[in-house]
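Residues 71 to 298 in our numbering are what the sequence shown spells out, letter by letter.
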Amino acid sequence: MTYQVILPAAGQGKRMGAGKNKLLLELNGVPVLIHTLKVFEEDALCNRIILAIHPQDEMEFKELIKKYHIHKEIKFVHGGPERQHSIYNALKTVHPEGIILVHDAARPFIQKKQIHLLVQKANETGAAIIGVPAKDTMKKVHNGVIVETVERSSLWVIQTPQAFRISLLHAAYKRAEDDHFIGTDDSSLVERISHPVSIVEGDYDNIKLTTPEDLFFAEAILKKRNRG
Numbered sequence: 071m072t073y074q075v076i077l078p079a080a081g082q083g084k085r086m087g088a089g090k091n092k093l094l095l096e097l098n099g100v101p102v103l104i105h106t107l108k109v110f111e112e113d114a115l116c117n118r119i120i121l122a123i124h125p126q127d128e129m130e131f132k133e134l135i136k137k138y139h140i141h142k143e144i145k146f147v148h149g150g151p152e153r154q155h156s157i158y159n160a161l162k163t164v165h166p167e168g169i170i171l172v173h174d175a176a177r178p179f180i181q182k183k184q185i186h187l188l189v190q191k192a193n194e195t196g197a198a199i200i201g202v203p204a205k206d207t208m209k210k211v212h213n214g215v216i217v218e219t220v221e222r223s224s225l226w227v228i229q230t231p232q233a234f235r236i237s238l239l240h241a242a243y244k245r246a247e248d249d250h251f252i253g254t255d256d257s258s259l260v261e262r263i264s265h266p267v268s269i270v271e272g273d274y275d276n277i278k279l280t281t282p283e284d285l286f287f288a289e290a291i292l293k294k295r296n297r298g
């Protein structure tokens, strides 16, 4: 089962404090953007990549794609004021059949085997996301006071990619637009239209690069994988 993937890449990464798009930062001498693109470049099931970008980054992104010999079909669309708007702009360019993935471009460590499990599950159920069981004790807090300790066994930390039948995600985004609703992730929009979302267990290495500390973790993950 082939798929297309939307990579939201328009955020300026203010928490990273780099003064530029964090996808241009390098891991082991290669831009984060390229690390992520290569995952999908090397997956035969991926037939198209849609990059939602800030217009000011388009030229530099295209130069990097050429420099690092990314040959898969890539379509550029301009992002909106929120991540959700950027993804909807990208979704509007996709024919409403088949499976679409939405993946944070700042998560360069997703693995092909996990992608394929997600695509298979989304093809079966319509919607599937990836995540890992919470490892820490979780507590609900109100006004600086503990309200309760939440049962950890039922809590998962959600990652990307998230995979959907394209027609289903279209419907979810249209409803959110009509209701002026902004969700925290794509699956929350699908939940709003009462469609069940399945989960596939992922990998704790599939981190999102958000703050400077994450770059140190990312370098460690790269070294571990290179040794393996």
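We put the CB at the ideal spot given by N, CA and C, even for glycine.
Would you kindly report the start and end of the unbroken beta strand (DSSP E) that includes residue i?
i, result
"His212", "208-212"
"Ile120", "116-123"
"Leu171", "169-172"
"Leu95", "Here Leu95 belongs to no beta strand (DSSP E), and DSSP marks it neither H nor E."
"Leu332", "Limits of the chain in this structure are 71 at one end and 298 at the other, which puts residue 332 out of reach."
Can you tell me whether residue i is helix, strand or coil according to DSSP?
i, result
"Gln184", "helix"
"Glu289", "helix"
"Glu152", "coil"
"Ala197", "strand"
"Ile144", "strand"
"Ile157", "helix"
"Pro282", "helix"
"Val164", "coil"
Check the C-beta distance from residue i over to residue j and give it rounded, since I have them as a contact under 8 Å.
i, j, result
"Gln232", "Val164", "That pair is no contact at about 15 Å."
"Ile157", "Val189", "Not quite, the Cβ-Cβ distance comes to about 18 Å (not below 8 Å), so this is no contact."
"Leu121", "Leu77", "5 Å"
"Leu300", "Lys90", "Absent from the structure is residue 300, since the part of the chain shown begins at 71 and ends at 298."
What are the start and end residues of the alpha helix (DSSP H) that includes residue i?
i, result
"Phe110", "102-111"
"Glu271", "Run containing Glu271: none in the alpha helix (DSSP H); it sits in the beta strand (DSSP E), 268-271."
"Ile134", "The question names Ile, but residue 134 in the sequence shown is Leu. First-last of the alpha helix (DSSP H) with Leu134: 128-137."
"Val260", "256-262"
(request) Could you tell me whether the region 135-150 touches the region 222-240, using the rule of 3 or more Cβ pairs below 8 Å? (result) No, because fewer than three Cβ pairs between the region 135-150 and the region 222-240 fall closer than 8 Å, the two stretches do not touch.
(request) Tell me the start and end of each unbroken beta strand (DSSP E) in the region 208-248 that is at least 3 residues and wholly inside, in chain order. (result) Whole beta strand (DSSP E) segments, 3+ residues: 208-212, 215-220, 226-235.
(request) Could you say if the region 98-112 and the region 265-274 meet the contact criterion of at least three C-beta pairs nearer than 8 Å? (result) Three or more beta-carbon pairs separated by less than 8 Å are not found between the region 98-112 and the region 265-274, which leaves the two stretches without contact.
(message) Three or more C-beta pairs under 8 Å: does that hold for the region 181-197 against the region 207-216?
(response) At 8 Å Cβ cutoff, the stretches do not touch.
(request) Count the C-beta pairs between the region 176-187 and the region 219-226 that are closer than 8 Å, then say yes if the count reaches three, no if not. (result) Here the region 176-187 does not lie against the region 219-226, with fewer than 3 beta-carbon pairs under 8 Å apart.
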